[in-house]
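One structure is given here, and the rest of the page talks about it.
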Amino acid sequence: MSKSNLFTNIRSAQKETSICRLGEFLNSDEESEVIRLAQQGNDQAFAEIIKRYQSDVRAFLAVRMQNISEADDIAQEAFIIAYKKLNEFDIKRSIRPWLKGIALNLLKDYFRKNGGRTSVDISDFEEVLSAEIESELSNHSEDSMLIALEQCLEKVDDKFHTLIKQHYTEGYTVDELTKLHQVKHSAMTMRLHRIRERLRNCIDKRLTGTMA
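Here it is in C-alpha cells:
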C-alpha cells in the first residue's frame, strides 16, 4: 500500500467513526485472520484494522491532549508505523494494546518536543497493559480492569515491573528485550507470557471477589 493510499484509508476511517461505535472491535478469531491477511500484503485487511481501531486510538490520545487535531495527526502516524511494522507483530496477541503502545510512544515524543507533560503517566501505561489483558477478560469494564490492574501491579516484583514497563510503555520489542537482558528469545517470550498470566489471574480474582 502506498503512503498516499494509507492516508486515504485513515481519513476514510476517521469519517466513519460517527457511525462505528467506540469499542466495536473484531473478535479474536476475526482479528487473527484480518492481521494474517494484512501481513500477507492484503491492503483491504489493513484498512479494516484502521476502521475498527482508529476511533479507540484517537480517543486514547484525545483525552491526554488539548489539541484534537494534533491527536488525530498522532493517531494517523501510529497507524503508518503499525503498517510498516505489522510483520513484526505476534498474531497470537491482541492488536489493540499494540496500537495503543505505538500511540503512547508517539505521545511521549510529542511531549518532549512541545513541552507540557515531560513523561507519560503511570495510568497511561496501565491502560495499554489493561487493554491486552482485557481481551481475555472481556466481561468486565475497562474502568474496573484498570483499578484491579493497579492493585495487582503493586504485587509484582520490581524486576518484572521494569520488564513490563520496557515492553508496554517504552516500546521495546521482544528481540530488543532479549539483547538487553541477555536471555534467549524463547525465555523472554515465556517470561512475558508468565507475567501477563499472573496479572490476568490476579485481576480475574479481584474482579470476581475471590482474592483473599
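All you need for our numbering is the position in the sequence shown, starting with 1, plus 3.
Think of the CB as a built atom: it goes at the ideal place given N, C-alpha and C, for glycine as much as any other residue.
None of these values were measured; they are calculated from a predicted model.
Query                                                                                                                                                               : Result
For a quick check, are the C-beta atoms of LEU152 and ILE206 less than 8 angstroms apart?                                                                           : yes
Tell me the DSSP secondary structure of GLU157 in three-state form.                                                                                                 : coil
Using 8 angstroms as the Cβ pair cut-off and three pairs as the minimum, do the segment 96-103 and the segment 179-191 touch?                                       : no
Relative to the C-alpha of ARG201, which candidate in GLU73, TYR175, PHE82 and LYS158 has its C-alpha closest?                                                      : LYS158
Taking a contact to mean a Cβ-Cβ separation below 8 angstroms, would you say ALA78 touches ILE71 in this structure?                                                 : no
Between the alpha carbons of ASP112 and TYR175, how many angstroms are there, rounded?                                                                              : 15 angstroms
Just tell me which of GLU73, CYS155 and ARG55 has its CA closest to the CA of GLU33.                                                                                : ARG55
Would you report the Cα separation of ASP178 and ASN108, rounded to the nearest angstrom?                                                                           : 18 angstroms
Kindly indicate which residue of TYR86, SER147, PHE82 and LYS87 has the alpha-carbon position closest to the one of ASP59.                                          : PHE82
Kindly indicate the opening and closing residues of the alpha helix (DSSP H) around PHE114.                                                                         : 98-117
With respect to the alpha helix (DSSP H) encompassing MET191, which residues constitute its N-terminal and C-terminal limits?                                       : 188-211
Rounded to whole angstroms, what's the CA-CA distance from ASN117 to GLY212? Just pull it up for me.                                                                : 44 angstroms
Go ahead and label ARG51 buried or exposed: buried means 16 or more other beta carbons lie within 10 angstroms of its beta carbon, across all protein chains shown. : It is worth fixing the name first, because residue 51 is Glu in this sequence and not Arg. Buried.
Between the beta-carbon of LEU180 and the beta-carbon of HIS170, is there less than 8 angstroms?                                                                    : yes
At 4 residues or longer, what runs of the alpha helix (DSSP H) sit wholly inside the segment 27-86?                                                                 : 31-42 and 46-65
PHE95 to ARG194, Cα distance in whole Å?                                                                                                                            : Note that residue 95 corresponds to Lys in the displayed sequence, not to Phe. About 16 angstroms.
Could you check where the alpha helix (DSSP H) with GLU179 kicks off and where it finishes?                                                                         : 177-184
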